[in-house]
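In what follows, a structure is listed as structure tokens, so that the remarks can point back to it.
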Amino acid sequence: MLRGAEIFLQCLRAEGVELVFGYPGGAIMPLYDALEGSGIRHILTRHEQGAVFAAEGHARATGQVGVAIATSGPGATNLVTGIADAKMDSVPLVCITGQVRSALIGTDAFQETDVFGLTLSLTKWSRLVKSIEEIPSAIAEGFYWAREGRPGPVVIDIPTDFLKAKMEFVGPVKFTSQPRPSDAQAEAAFGDALISLLQQAKKPVALIGAGAKLSGAIPELRQLLDYLNIPAFATVHGLGAVIPSAPYYLGMVGMHGTRAANMALHENDLLLVFGARLDDRVTGDPSRFAPNAKIVHFEIDPGQLDRVRACELPVIGDLAKTIPATYKKLQGVKLPDWTEWRAIACGEDRAELDPRGLSQLTVRFLDELFGRLPENSVVIADVGQHQMWAAQRYRSSSPRGFITSGGLGSMGFALPAAVGVQLSKPDTTVLCVSGDGGFQMNIQELATVRRLNLPIKLVIVDNKYLGMVRQWQQLFYQRNYAETDLSDNPDFVEIAKAYRINAERLNEDAMQEFPVSEQTGDSLERFLKSSEPELLVFDCAPEANVYPMVPAGAALSEMLFDDE
Amino acid sequence: MHAFHIHYRNTQGTLMRILTAVSRRGLDIHYVHASPAGHGHRADLLLEVNAKQIGQLCRDWHAIVDVTDVHVGTPTPEMLESAAGSAGPHPPASAGTNGRSASAAMA
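So the sequence lines, in the order shown, correspond to chains A and B.
Numbering-wise, the first sequence is residues 1 to 564 according to our numbering.
Numbering-wise, the second sequence is residues 1001 to 1107 according to our numbering.
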């Protein structure tokens, strides 16, 4: 006879789980009581939001399902932002929440919340377990849906009495889905239609999103793009999918995308979309998005099609199959000569960044750091101006090398996510870039970093403002800097030292020299190569802005390049 | 008005997810009926939506794990009649007596 908690953990192991992140409490205590000897390593964070972001970091870095555990009530509600984040960015995540004793459910018992109802619109699937016998099937089905198709979050809510109950356990179960009639997708026919569209196109382009990376078909995608040799660009989540040195690659597209990428996306007449959902950060004003383009949309989730306008050719299915199938179908097919279009779209007069880009000292700082990183490093960015600068300057061809909260844009993501990434990739340099606002939202996870001796390289871009909001206030609200002043920030160096983490400060003046001085270079090298966790606070100009910028409601062609 | 018929397996939360797809868009549900149908269940909804919303809703419903099929159709007389019969002011008018406020009426 095994306790429900033991059965629960055995079923997690059967799903390949070796690492979980969590925070104990009353209702979930029986699960914690069974951890020792379970073969599962539990990482104690200092807030449940830290746990769920760390689980996301693990999932984003490895492609495995991230697992976060919390108790009932406030523990569960503290997971909600992370669940929403995983939903928006297609991250496979299983959240396990303790629940009050089954007989008390619905009575507003101590630390009871309807987490099932609360997370309905944020989860792919969820289950309030109603008996100990349900535990194996709930876990099997939860992991299945977390991984299946477009990955996403699930919640398994388990009343505490079922964790304590006992039953004879014969072993974990497998879950298989009943096929849905709509799942049957006639992929075979798309080849001829695609060839016809390519042969008619004068200005074809390719947009690469997260889905291309999630499919695992990066080598095949690169092979196809090399073959087509058309201008290509990436969403923030598509960064790293295309080799940056490819002559047709134009960088990131969208609200803070490069001029070349935005202009090509605006001017094209055939848009091949690989695993991107064409959200508003990419399209600008949807009514003026790519006005001449026919859209071919490679996508695993039919729900993402036709969001902006009807696509000419939907190619629904796993990109791991449809991309190589496309390459195969195009062999021997005569395609137009797009040399002239390429020369325009990829030409030098459409500089990758506006000429002032590198005059921003923060940009130079990030450039300097990124240039010193090993190729297989992972950069995690929080949310704000620093995030966009980091995305603009990211140069690696590592598909899982740039991790950020994109769709939800949740500040406080980076530090706990970095914990998850470093634990998953102990031999990798992990650079965590935050702003002074976002860093403070999960600053307590410095304790987790120190306890585990994670050699994360932490950077705070400290402009003493909620910088991105301030930028919008400057440009669109007549400089009314309402509630964005953070000039009374604490001394982050002293805070880090209180957590026994090495820290130093670097003023942006150090970036005035180009290239940087030997002394500055040595500081950066020491910071990056240290075997300890390190914090570097970069004191920078308070009112530097991120450009290019497509204002809200504007077309991609209507970028701003400076403050005027 | 459009009638939507969503076939689904009646697992935990599936009906709620179907309805949440509507409510998150701020749409009024003029008629809703859910009942067993064949090997599963069927939810019939009457909604006032435009063409773009029809596409969005159908895609959202199809994406729900235990939804098996979605059809758009013409409202039945029963649906329209039921919707008309239950129509009321939104939000409901305050209870009052001779123009006094509700709290005064209850004092």
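Heads up, the beta-carbon is just placed ideally off N, CA and C, and yes, glycines get one too.
Find out if the Cβ-Cβ distance for the pair residue i, residue j is shorter than 8 Å.
i, j, result
"residue 1044 (chain B)", "residue 1083 (chain B)", "no"
"residue 100 (chain A)", "residue 72 (chain A)", "yes"
"residue 142 (chain A)", "residue 154 (chain A)", "yes"
"residue 380 (chain A)", "residue 421 (chain A)", "yes"
"residue 426 (chain A)", "residue 442 (chain A)", "no"
"residue 139 (chain A)", "residue 12 (chain A)", "yes"
"residue 276 (chain A)", "residue 211 (chain A)", "yes"
"residue 423 (chain A)", "residue 496 (chain A)", "no"
"residue 324 (chain A)", "residue 220 (chain A)", "yes"
"residue 278 (chain A)", "residue 169 (chain A)", "no"
"residue 255 (chain A)", "residue 468 (chain A)", "no"
"residue 79 (chain A)", "residue 95 (chain A)", "yes"
"residue 1054 (chain B)", "residue 1017 (chain B)", "no"
"residue 592 (chain A)", "residue 273 (chain A)", "Only positions 1 to 564 of chain A appear in the structure, and residue 592 (chain A) is not among them; the question remains open."
"residue 4 (chain A)", "residue 51 (chain A)", "no"
"residue 413 (chain A)", "residue 53 (chain A)", "yes"
"residue 132 (chain A)", "residue 110 (chain A)", "no"
"residue 1075 (chain B)", "residue 1046 (chain B)", "yes"
"residue 265 (chain A)", "residue 207 (chain A)", "yes"
Give every residue of the same chain whose Cβ lies closer than 8 Å to the Cβ of residue i, excluding the five residues on either side of it in the sequence, and list them in chain order.
i, result
"residue 508 (chain A)", "361, 362, 365, 538, 539, 540 and 541"
"residue 481 (chain A)", "465, 470, 473 and 474"
"residue 1040 (chain B)", "1007, 1008, 1009, 1010 and 1068"
"residue 450 (chain A)", "499, 500, 501 and 533"
"residue 152 (chain A)", "86, 87, 90, 91, 92, 93, 123, 124, 145 and 146"
"residue 29 (chain A)", "71, 98 and 160"
"residue 166 (chain A)", "1, 2, 3, 4 and 132"
"residue 1029 (chain B)", "1019, 1022, 1023, 1045, 1046 and 1047"
Taking residue i as part of the alpha helix (DSSP H), name the residues at either end of that continuous run.
i, result
"residue 550 (chain A)", "Note, residue 550 (chain A): premise wrong, no alpha helix (DSSP H); not H, not E."
"residue 574 (chain A)", "The structure shown does not extend to residue 574 (chain A), since chain A is modelled only from 1 to 564, so the question has no answer here."
"residue 492 (chain A)", "492-498"
"residue 392 (chain A)", "385-393"
"residue 190 (chain A)", "190-200"
"residue 7 (chain A)", "4-14"
"residue 63 (chain A)", "No alpha helix (DSSP H) holds residue 63 (chain A); DSSP gives it neither H nor E."
"residue 471 (chain A)", "467-476"
"residue 99 (chain A)", "First-last for residue 99 (chain A): 93-99, but that is the beta strand (DSSP E), not the alpha helix (DSSP H)."
"residue 204 (chain A)", "Per DSSP, residue 204 (chain A) belongs to no alpha helix (DSSP H); it is in the beta strand (DSSP E), 204-208."
"residue 116 (chain A)", "115-118"
Start and end of the beta strand (DSSP E) containing residue i?
i, result
"residue 157 (chain A)", "153-159"
"residue 502 (chain A)", "502-507"
"residue 127 (chain A)", "125-128"
"residue 535 (chain A)", "534-539"
"residue 41 (chain A)", "41-44"
"residue 515 (chain A)", "Neither: residue 515 (chain A) is in no beta strand (DSSP E) and is coded neither H nor E."
"residue 20 (chain A)", "19-22"
"residue 403 (chain A)", "402-404"
"residue 531 (chain A)", "Counting along the chain, residue 531 (chain A) falls outside any beta strand (DSSP E), and DSSP gives it neither H nor E."
"residue 459 (chain A)", "457-462"
With distances taken Cα to Cα, identify the nearest neighbour of residue i among the options.
i, options, result
"residue 194 (chain A)", "A:312, A:374, A:152 and A:524", "A:312"
"residue 547 (chain A)", "A:387, A:478 and A:494", "A:387"
"residue 148 (chain A)", "A:300, A:549, A:54 and A:97", "A:300"
"residue 330 (chain A)", "A:248, A:268 and A:224", "A:224"
"residue 318 (chain A)", "A:297, A:176, A:239 and A:82", "A:297"
"residue 1060 (chain B)", "A:124, A:512 and A:61", "A:124"
"residue 544 (chain A)", "A:97, A:18 and A:463", "A:463"
"residue 1057 (chain B)", "B:1048, B:1013 and B:1022", "B:1022"
"residue 174 (chain A)", "A:137, A:490, A:163 and A:228", "A:137"
"residue 477 (chain A)", "A:391, A:552, A:383 and A:458", "A:552"
"residue 1025 (chain B)", "A:105, A:112, A:43 and A:121", "A:121"
"residue 1070 (chain B)", "B:1029, B:1042 and B:1001", "B:1042"
"residue 203 (chain A)", "A:291, A:68 and A:112", "A:291"
"residue 336 (chain A)", "A:206, A:228 and A:262", "A:228"
"residue 338 (chain A)", "A:504, A:8, A:554 and A:231", "A:231"
For the ligand COA, any of its heavy atoms closer than 7 Å to the Cβ of residue i?
i, result
"residue 251 (chain A)", "Only the bare structure without any ligand can be found here, which leaves the ligand COA out of the picture."
Kindly list the residues whose CB is nearer than 6 Å to the CB of residue i, restricted to its own chain and excluding five residues on each side of it in sequence; keep chain order.
i, result
"residue 283 (chain A)", "289 and 308"
"residue 340 (chain A)", "none"
"residue 182 (chain A)", "Any reading at residue 182 (chain A) needs caution, since the residue's pLDDT is 46, under 50, leaving its predicted position unreliable; the model's value is listed next. For residue 182 (chain A), where only same-chain residues beyond five positions count, there are no Cβ hits under 6 Å."
"residue 89 (chain A)", "406 and 407"
"residue 375 (chain A)", "none"
"residue 401 (chain A)", "240 and 378"
Between residue i and the rest of its own chain, which residues show a CB-CB distance below 7 Å, the 5 nearest in sequence each way excluded?
i, result
"residue 397 (chain A)", "240, 243 and 244"
"residue 6 (chain A)", "34"
Inset, instruction - Please list the segments of the beta strand (DSSP E) lying wholly inside the region 1010-1077 of chain B, counting only runs of 3 or more residues, in order along the chain. - result: 1029-1037, 1040-1047 and 1067-1073
Legend entry - Segments of 3+ residues assigned as beta strand (DSSP E) that fall wholly inside the region 216-300 of chain A: 232-234, 249-252, 270-274 and 294-299
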